[in-house]
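So the protein sequences, as listed, match chains P and Z. First residue of the first sequence? That's 1 in full-length UniProt numbering, and the numbers climb one at a time after it. First residue of the second sequence? That's 1 in full-length UniProt numbering, and the numbers climb one at a time after it. To start, the structure itself, in structure tokens.
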Amino acid sequence: MTAVGLPGVSTRRSSLDLVLRARELGIVLALALLVAVTAISNPRFLSAQSIRDILLGTAILAVLAVGQAVVVITRNIDLSVGSVLGLSAFTVGTLLRDNPGLPVVVALLAGAAVGGACGTVNGVLVRYGNVPALVVTLGTLYVVRGITYFWAGGQQINADELPSGFLDFGNATLLGVPFLVLIAVVVLVVTGLVLRNYRAGRELYAMGSSPQAAELAGIPVGRRTVLAFLVSGALAGLAGVLFAARFGTIDAAAGTGYELNVVAAVVVGGVAVFGGSGSVWGAALGALLLTTIGSALAVLEINQFWQQAIVGGLILLAIGADRLVAARVAATLKKRGSHVS
Amino acid sequence: MSAETAAVTDHPTGLAGRFANWNVAIIAVTVLVIAVAAATVDNFGTSQNFGFLVLDLLPIALVALPMTLVIVTGEIDLSVASTLGLCSAVMGSLWNANQPIETIIPVCLLLGAVLGAVNGFFVTVLGLPSLAVTIGTLALYRGLAFVVLGDGAVADFPALYTNWVTGTIGGTPLPNVLIVIVALAVVFGVILHATPIGRAVFAVGASEQAARFAGVRPGRLKFWLYVVSGLVAGLAGVLWTLRYSSARADNGAGLELAVVAAVLLGGVSIFGGKGALPGVIAGVVLLASLQNALRLSDVSNEALNVVTGVLLIASVLAPNLANAVRGAVQRRRHRTDLL
Numbered sequence: 001m002t003a004v005g006l007p008g009v010s011t012r013r014s015s016l017d018l019v020l021r022a023r024e025l026g027i028v029l030a031l032a033l034l035v036a037v038t039a040i041s042n043p044r045f046l047s048a049q050s051i052r053d054i055l056l057g058t059a060i061l062a063v064l065a066v067g068q069a070v071v072v073i074t075r076n077i078d079l080s081v082g083s084v085l086g087l088s089a090f091t092v093g094t095l096l097r098d099n100p101g102l103p104v105v106v107a108l109l110a111g112a113a114v115g116g117a118c119g120t121v122n123g124v125l126v127r128y129g130n131v132p133a134l135v136v137t138l139g140t141l142y143v144v145r146g147i148t149y150f151w152a153g154g155q156q157i158n159a160d161e162l163p164s165g166f167l168d169f170g171n172a173t174l175l176g177v178p179f180l181v182l183i184a185v186v187v188l189v190v191t192g193l194v195l196r197n198y199r200a201g202r203e204l205y206a207m208g209s210s211p212q213a214a215e216l217a218g219i220p221v222g223r224r225t226v227l228a229f230l231v232s233g234a235l236a237g238l239a240g241v242l243f244a245a246r247f248g249t250i251d252a253a254a255g256t257g258y259e260l261n262v263v264a265a266v267v268v269g270g271v272a273v274f275g276g277s278g279s280v281w282g283a284a285l286g287a288l289l290l291t292t293i294g295s296a297l298a299v300l301e302i303n304q305f306w307q308q309a310i311v312g313g314l315i316l317l318a319i320g321a322d323r324l325v326a327a328r329v330a331a332t333l334k335k336r337g338s339h340v341s
Numbered sequence: 001m002s003a004e005t006a007a008v009t010d011h012p013t014g015l016a017g018r019f020a021n022w023n024v025a026i027i028a029v030t031v032l033v034i035a036v037a038a039a040t041v042d043n044f045g046t047s048q049n050f051g052f053l054v055l056d057l058l059p060i061a062l063v064a065l066p067m068t069l070v071i072v073t074g075e076i077d078l079s080v081a082s083t084l085g086l087c088s089a090v091m092g093s094l095w096n097a098n099q100p101i102e103t104i105i106p107v108c109l110l111l112g113a114v115l116g117a118v119n120g121f122f123v124t125v126l127g128l129p130s131l132a133v134t135i136g137t138l139a140l141y142r143g144l145a146f147v148v149l150g151d152g153a154v155a156d157f158p159a160l161y162t163n164w165v166t167g168t169i170g171g172t173p174l175p176n177v178l179i180v181i182v183a184l185a186v187v188f189g190v191i192l193h194a195t196p197i198g199r200a201v202f203a204v205g206a207s208e209q210a211a212r213f214a215g216v217r218p219g220r221l222k223f224w225l226y227v228v229s230g231l232v233a234g235l236a237g238v239l240w241t242l243r244y245s246s247a248r249a250d251n252g253a254g255l256e257l258a259v260v261a262a263v264l265l266g267g268v269s270i271f272g273g274k275g276a277l278p279g280v281i282a283g284v285v286l287l288a289s290l291q292n293a294l295r296l297s298d299v300s301n302e303a304l305n306v307v308t309g310v311l312l313i314a315s316v317l318a319p320n321l322a323n324a325v326r327g328a329v330q331r332r333r334h335r336t337d338l339l
């Protein structure tokens, strides 16, 4: 992420690297402090069960946040992810209830496919309909949720209707790490590497930095925009399957209001809402921090109502810090620029 | 973003024409929907239902007025529903503390203005993106509302006030609160369309830099718009609490999306610089009438979501498609002329 939009300084970017990396370092420090304080006041916080709960919660939020980061990096936003998660969870739940023999992999793919379809609609409307992403995804937030309610009616899929294989998958671990967490890690690493090292990924940053310049530079902006929304949708769909496997109970309201948490995780994770910078690692760290805060408040016996207020304060703090860092980077670049010319 | 390029390539007169058309179109659609609903839906045309309709659109209509000005300057305020909720929660806890209602109401309005000023400070003084700031305060204010009041409810507000909000004007079916809505709509309409402030709002939305060169102070303008937005959201919180005689921390949750939807439906550009209040009011009435009519026809709230979402996307997509078609036709005509 570090060299984004800063060509020509690649040989001497170590100090710049440090400044930019400080954003993610800040979250890590905040996280470490939070864990330390909570663990000292109540050692139960570090029990296996408590850590497991945090990791499972993070897994779902992080998968969503990775997808959201991809879209936000291109200077767009996807507010429909909570609704897409709900539709996918309900689709997969119905599918598994009616075909108990279905392998888990098929469920994962089906969820991602439902989400990917929603994401493609978003992307096509944004790019080829010339409609701002905020408007499109605000619209599909309503539409997708409405479709899910329409389809589900009042019915709810309960754990006893789901095949045991699927529920086992939600609980199973590999070397003590839950499967859901492993899936989230794979998603994170693959997306992170593609964004960092591959042309398609770099082009997303270019589009976010300057849409017009990207267009002039010959980047297929249309296809890349659709791709970014497809990824976000598909990951929201995947998160829906993880949601279904973790909770076992699915109704049409699954994932309502998640969009706020996801955007919060991304913003706290240092992905600038104006595009062109940030990383999926930061977004995932943001998801981890938000989930940890929730469980720390419970352990510290602080009123749960503080949680949302703290999340809001964190968002303001994060974008404020981001602005400070940006100002410092700009100052550094200016100095270097005068050196060169 | 893609539509920025569209705005650059669009011919200015084309834009002005499209905008005027949209206002007429949305008002026509609204009238049509009301006429069809009155003819086909039982009980829609009754005076009692009209009263309910106005009470239902009250919060969206109020908050949409300053939101229009904020969006025309190219910013957004997603924290309005949380401001409404926090003011309602504070109203409840002050009432619990036996404060007189005559003190509570001004305090809540002032609180709304202060919450708006916080948004304004972050956006204009620190120069942070308003989308991120107001998503942050959306969570912050709602969280504080729960901290103040928990998940309980406070009821038993004085009947004099609750009756006024739900009551009607004289013997007419018109609810009293209609006076508030109409008065504020006129005030905001005049400010936006007939004063230097309104021209400055449009100028800042069209080009902040150009506006600055023309002597407008964009930061100061936006700051006060956020203050007004918070103040009106606080007023909506007070009226909401009195209408249901129930102060709750989750009052108005999710309202920000409906308000933004209504404003965009009314033809205001999310990129700023374009929009008109008559269109927005039509957008609010259209949304509320559709909801009311569908609910009366036993269509679920959820199906309503689909209608709202499709309307929202269509309202922005339709002019773009029309422009694209017009452009293609003109190009073809041009080519045949050359041949």
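Backbone N, C-alpha and C define an ideal beta-carbon position, used for all residues, glycine too.
Could you work out which residue in Z:Ile-313, Z:Val-70 and Z:Val-180 is closest to Val-228 of chain Z when comparing CA atoms only? Z:Val-70
Would you list, in sequence order, the uninterrupted alpha helix (DSSP H) runs of no fewer than 4 residues that lie entirely inside the stretch 38-117 of chain Z? 47-72 and 80-96
State buried or exposed for Val-241 of chain P, treating a residue as buried only when at least 16 other CB atoms are found within 10 Å of its CB. buried
Run through DSSP, which three-state label would Ala-214 of chain Z get? coil
My understanding is that Cys-87 of chain Z touches Gly-234 of chain Z, with C-beta atoms under 8 angstroms, so please give their C-beta distance in whole angstroms. 4 angstroms
When P:Ala-36, P:Ala-89 and P:Thr-137 are compared against Val-310 of chain Z, the one with the closest alpha-carbon: P:Thr-137
Given that Asn-158 of chain P touches chain Z, what residues does it touch there, using C-beta distances under 7 angstroms? Here the premise fails: no neighbours, minimum Cβ distance about 20 angstroms.
Distance CB(Val-71 of chain P)-CB(Phe-229 of chain P) smaller than 8 angstroms: yes
For Arg-326 of chain Z, count the other beta carbons within 10 Å of its own beta carbon; 16 or more makes it buried, fewer makes it exposed. Which is it? That one is exposed.
Contact list for the stretch 292-310 of chain Z against chain P, Cβ threshold 9 angstroms: Ser-300, Asn-301, Glu-302, Ala-303, Leu-304, Asn-305, Val-306, Val-307, Thr-308, Gly-309 and Val-310
Could you tell me the distance, in whole angstroms, from the CA atom of Thr-195 of chain Z to the CA atom of Gly-189 of chain Z? 10 angstroms
My output table needs one value for Ala-272 of chain P: the three-state DSSP class, helix, strand or coil. coil
Would you mind stating whether Arg-62 of chain Z and Val-232 of chain Z have Cβ atoms separated by less than 8 angstroms? Note on identity: in this sequence residue 62 of chain Z is Leu, with Arg being the wrong assignment. Yes, they are a contact pair.
Taking a contact to mean a Cβ-Cβ separation below 8 angstroms, would you say Val-154 of chain Z touches Gly-237 of chain Z in this structure? no
Going by DSSP, what residues sit across from Thr-168 of chain Z in a beta bridge? Z:Pro-175
Below 8 angstroms between beta carbons: does that hold for Gly-252 of chain Z and Gly-85 of chain Z? yes
Would Arg-127 of chain P be called buried (16 or more neighbouring beta carbons within 10 Å of its own) or exposed? So Arg-127 of chain P counts as buried.
Below 8 angstroms between beta carbons: does that hold for Gly-201 of chain P and Val-194 of chain P? yes
Is the beta carbon of Leu-65 of chain Z sitting closer than 8 angstroms to the one on Ala-185 of chain Z? yes
Contacting positions in the stretch 298-315 of chain P - beta carbon closer than 9 angstroms to chain Z: Asn-303, Gln-304, Phe-305, Trp-306, Gln-307, Gln-308, Ala-309, Ile-310, Val-311, Gly-312, Gly-313, Leu-314 and Ile-315
Pick helix, strand or coil for Arg-75 of chain P, following the three-state DSSP scheme. Arg-75 of chain P: coil per DSSP, three-state reduction.
Considering only C-alpha positions, which residue in the set P:Ala-152, P:Cys-118 and P:Ile-157 is nearest to residue 411 of chain P? Residue 411 of chain P is absent from the structure shown; chain P starts at 1 and stops at 341.
Going along the chain, which residues of its own chain have a beta-carbon closer than 7 angstroms to the beta-carbon of Ala-293 of chain Z, five neighbours each way excluded? In its chain, beyond the 5 residues on either side, Ala-37, Val-41 and Phe-44 have a beta carbon closer than 7 angstroms to the beta carbon of Ala-293 of chain Z.
Contacts of Phe-229 of chain P in chain Z (Cβ-Cβ under 9 angstroms): Per Cβ cutoff of 9 angstroms: no residues; Phe-229 of chain P is ~12 angstroms from chain Z at best.
Inter-stretch contact at 8 angstroms, needing at least 3 Cβ pairs: the stretch 263-274 of chain P / the stretch 312-322 of chain P: yes
Rounded to a whole number of angstroms, what is the C-alpha to C-alpha distance between residue 346 of chain P and Ala-113 of chain P? Shown here, chain P extends from 1 to 341; a query on residue 346 of chain P therefore has no answer.
Taking 7 angstroms as the cut-off, is the CB of Ile-26 of chain Z close to at least one heavy atom of the ligand NAP? The ligand NAP is absent from the structure shown, which contains no ligands of any kind.
Using a C-beta cutoff of 8 angstroms, does Thr-137 of chain Z count as contacting chain P? Chain P, which has a Cβ nearer than 8 angstroms to the Cβ of Thr-137 of chain Z, makes this yes.
Neighbour-count burial assignment, Ile-27 of chain P, 16 or more Cβ in a 10 Å radius: buried
Any residues in the stretch 174-188 of chain Z with a beta carbon nearer than 7 angstroms to a beta carbon of chain P? Which ones, in chain order? none
So that I know if they touch, is there some Cβ in chain A lying closer than 8 angstroms to that of Pro-132 of chain P? The structure shown has no chain A; the protein chains it does contain are P and Z.
Coil, strand or helix - Thr-94 of chain P by DSSP: helix
Rounded C-beta distance between Gly-115 of chain P and Val-84 of chain P? I'm assuming under 8 angstroms. 5 angstroms
Counting C-beta neighbours from all protein chains within 10 Å, is the total for Tyr-141 of chain Z 16 or more, i.e. buried, or is it exposed? buried
Can you pull the chain P residues whose beta carbon is under 8 angstroms from the beta carbon of Asn-320 of chain Z, in chain order? Under the 8 angstroms cutoff, chain P gives Gly-129, Asn-130 and Val-131.
Is DSSP giving Thr-173 of chain P helix, strand or coil here? strand
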